[in-house]
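Trainee: Submitted below is the structure of interest, expressed as structure tokens.
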């Protein structure tokens, strides 16, 4: 038997192996026996070791789940007595992915739009310094040189911008928190 190339072994070790526990739990939920699960995992590793390149794999976690799922389905189809429940469970299980869910993407876009709006509302010099420092990643000294300001002013305005952003976000968050119907304390026990 020819061993896998070093870059494949390294890729499996760093990108696939960390997800083994998740794949194992996923297969357990499909009501497969522990011996079957061990065989499926071993065969998954063997298949990945046969790869020539991994450049086409954008999500190693999802790839591992897909390989294990395909092997599990193939094994179940080959078995003489197949529990229809097991096949149905495997088909219904979602394959985990590194990719964010549509809901997470929507929330992230909403948060980004909100942050852009808050930054746009900053005083002009604070906004410019904040964008140069936090978005463009320029050092304070460089910002001071570009804007013709002292480093102390740049530092103060960057801190002021951050305070204003945090205050505005906290203010917006508090507006969306449910309000308590009554206050606990001395008035709570009175009739």
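In UniProt numbering, the protein residues as written are 1 to 191. From the three backbone atoms N, C-alpha and C, an ideal C-beta is built for every residue, glycine too.
1) Mind checking which residues open and close the alpha helix (DSSP H) that includes residue 10?
2) Measure the alpha-carbon distance for residue 148 versus residue 141 and round it to whole angstroms.
3) Look up residue 39 in the DSSP assignment and say whether it is helix, strand or coil.
4) Just the Cα atoms here: how many angstroms apart are residue 190 and residue 168?
5) Indicate whether residue 40 and residue 51 have their beta-carbon atoms separated by less than 9 Å.
6) Kindly list the residues whose CB is nearer than 8 Å to the CB of residue 151, restricted to its own chain and excluding five residues on each side of it in sequence; keep chain order.
7) Quick check: the Cα distance between residue 106 and residue 113, rounded to an integer number of angstroms?
8) Run through the region 102–136 for me and flag every whole alpha helix (DSSP H) of 4 or more residues, listed as ranges in chain order.
9) Could you give the uninterrupted runs of the alpha helix (DSSP H) lying entirely in the region 20–68, keeping only those of 4 residues or more?
10) Does residue 17 come out as helix, strand or coil in the three-state DSSP assignment?
11) By how many angstroms is the C-alpha of residue 22 removed from the C-alpha of residue 36?
12) Is the distance from the Cβ of residue 61 to the Cβ of residue 7 below 9 Å?
13) So, with DSSP's three-state summary, where would you put residue 181?
14) Could you name the residues of the same chain whose beta carbon sits closer than 7 Å to that of residue 15, not counting the 5 residues immediately before and after it, in chain order?
15) Could you give the DSSP three-state label for residue 149: helix, strand or coil?
16) How would you label residue 29, buried or exposed, when you count the other beta carbons within 10 angstroms and need 16 or more for buried?
17) Which term fits residue 55, buried or exposed, when burial requires 16 or more other beta carbons within 10 angstroms of its beta carbon?
18) What is the DSSP secondary structure of residue 164, counted as helix, strand or coil?
Mentor: Concretely, from the data shown:
1) First-last of the alpha helix (DSSP H) with residue 10: 6–11.
2) Distance between the alpha carbons of residue 148 and residue 141 is about 10 Å.
3) Per DSSP, reduced to three states, the secondary structure at residue 39 is helical.
4) Since pLDDT at residue 190 reaches only 49, below the 50 mark, its modelled position is unreliable, and no value is offered.
5) For residue 40 and residue 51, no; Cβs fall outside 9 Å.
6) Counting only residues of its own chain and dropping the five nearest sequence neighbours on each side, residue 151 has a CB closer than 8 Å to the CB of 140, 141 and 144.
7) Note on geometry: alpha-carbon atoms of residue 106 and residue 113 lie some 11 Å from one another.
8) Within the region 102–136, the complete alpha helix (DSSP H) runs of at least 4 residues are 102–120 and 124–130.
9) Runs of alpha helix (DSSP H) with 4 or more residues, each lying fully within the region 20–68, are found at 20–29 and 34–49, listed in chain order.
10) Assigned with DSSP and collapsed to three states, residue 17 falls in helix.
11) Taking the straight line from one Cα to the other gives about 16 Å.
12) It is not a contact, given that the beta carbons lie outside the stated cut-off.
13) Low per-residue confidence applies at residue 181: pLDDT is 49, beneath 50, and the placement is therefore not dependable enough to give any value.
14) 60.
15) In the three-state reduction of the DSSP assignment, residue 149 falls in the coil class, being assigned neither a helical nor a strand state.
16) Here residue 29 is exposed: its Cβ has fewer than 16 other Cβ atoms, across all protein chains shown, within 10 Å.
17) Around the beta-carbon of residue 55, fewer than 16 other beta-carbon atoms lie within 10 Å, marking it exposed.
18) Helix at residue 164.
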